[in-house]
Amino acid sequence: MKLTMYNTPGIRPLLKSLCAISLKLTGWRLKGNMPSEAKYVLVAVPHTSNWDFPISLTMAFVFGFDMHWMGKDALFKSWRGPIMKWMGGIPINRKCANNVVAQTIDAFNKTDRLVIAVPPEGTRSRVATWKTGFYHIAMGANIPIALAFLDYKRKTGGFLSTFYPTGDITVDIKKIRSHYIGICGKHANKCTVE
Numbered sequence: 002m003k004l005t006m007y008n009t010p011g012i013r014p015l016l017k018s019l020c021a022i023s024l025k026l027t028g029w030r031l032k033g034n035m036p037s038e039a040k041y042v043l044v045a046v047p048h049t050s051n052w053d054f055p056i057s058l059t060m061a062f063v064f065g066f067d068m069h070w071m072g073k074d075a076l077f078k079s080w081r082g083p084i085m086k087w088m089g090g091i092p093i094n095r096k097c098a099n100n101v102v103a104q105t106i107d108a109f110n111k112t113d114r115l116v117i118a119v120p121p122e123g124t125r126s127r128v129a130t131w132k133t134g135f136y137h138i139a140m141g142a143n144i145p146i147a148l149a150f151l152d153y154k155r156k157t158g159g160f161l162s163t164f165y166p167t168g169d170i171t172v173d174i175k176k177i178r179s180h181y182i183g184i185c186g187k188h189a190n191k192c193t194v195e
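Put into structure tokens, the structure is as follows:
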């Protein structure tokens, strides 16, 4: 097992306490329940700001699960690399999208416990359609999709529900997106679901 902030001896209880205090002081509340399954893809919607990342990590600690995330490989260059990996980061080369899906499915198949967060928008900018890699990963690894959210308007974040893909990607993506109607990102004009 790779050493991360979630399994470094003595770090988890300390960070969990600090994260709980931080959320309370900033007025954020947790909502919903994380999936009971040990493995799932966590879709993080909406993704409109760099603030989504630290708030999501903070909430993961308070909920009590190890959240891994994919980031562009440029984030892992030089001195930042070991820090990003320790924080649960997995570097990806966006030019090889199909390879990322296959490698992620393989990672899920090789372990008993894994949560990987994927923002389906793929960017902090507004997009018309979501990238579907998260869906193909869930189908290929035969795992559910956790519908996670950050609502800046209500200062709540957490889980909406757990979605079990059927294989009908068009219908399933439409159903998944419908859960996010009315949820407001930090920059509302960049939200892809309204």
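Heads up: take any position in the sequence shown, counting from 1, add 1, and you land on the numbering used here.
We treat Cβ as the ideally placed atom computed from N, Cα and C, and that holds for glycine.
Cβ of residue i within 9 Å of Cβ of residue j?
i, j, result
"residue 69", "residue 118", "yes"
"residue 24", "residue 59", "yes"
"residue 150", "residue 45", "yes"
"residue 166", "residue 145", "yes"
"residue 74", "residue 187", "no"
"residue 66", "residue 85", "no"
With DSSP as the reference, please indicate the residues paired to residue i in a beta bridge.
i, result
"residue 163", "147"
"residue 92", "72"
"residue 115", "40"
"residue 158", "31, 151"
Kindly give me the distance between the Cβ atoms of residue i and residue j, rounded to whole angstroms, as I take these residues to be in contact under 8 Å.
i, j, result
"residue 89", "residue 5", "5 Å"
"residue 92", "residue 72", "6 Å"
"residue 1", "residue 17", "Summary: the structure shown does not reach residue 1, with the chain confined to residues 2 through 195, and so no result is reported for it."
"residue 161", "residue 116", "Actually they are not in contact, since the Cβ atoms of residue 161 and residue 116 sit about 16 Å apart, beyond 8 Å."
So does the segment 104 to 123 actually touch the segment 133 to 142, counting three or more Cβ pairs closer than 8 Å? yes
In chain order, what are the residue ranges of uninterrupted beta strand (DSSP E) at least 3 long that sit wholly in the segment 9 to 89? 30 to 32, 40 to 46, 69 to 73
Would you call the segment 149 to 169 in contact with the segment 28 to 39, where contact means no fewer than 3 C-beta pairs closer than 8 Å? yes
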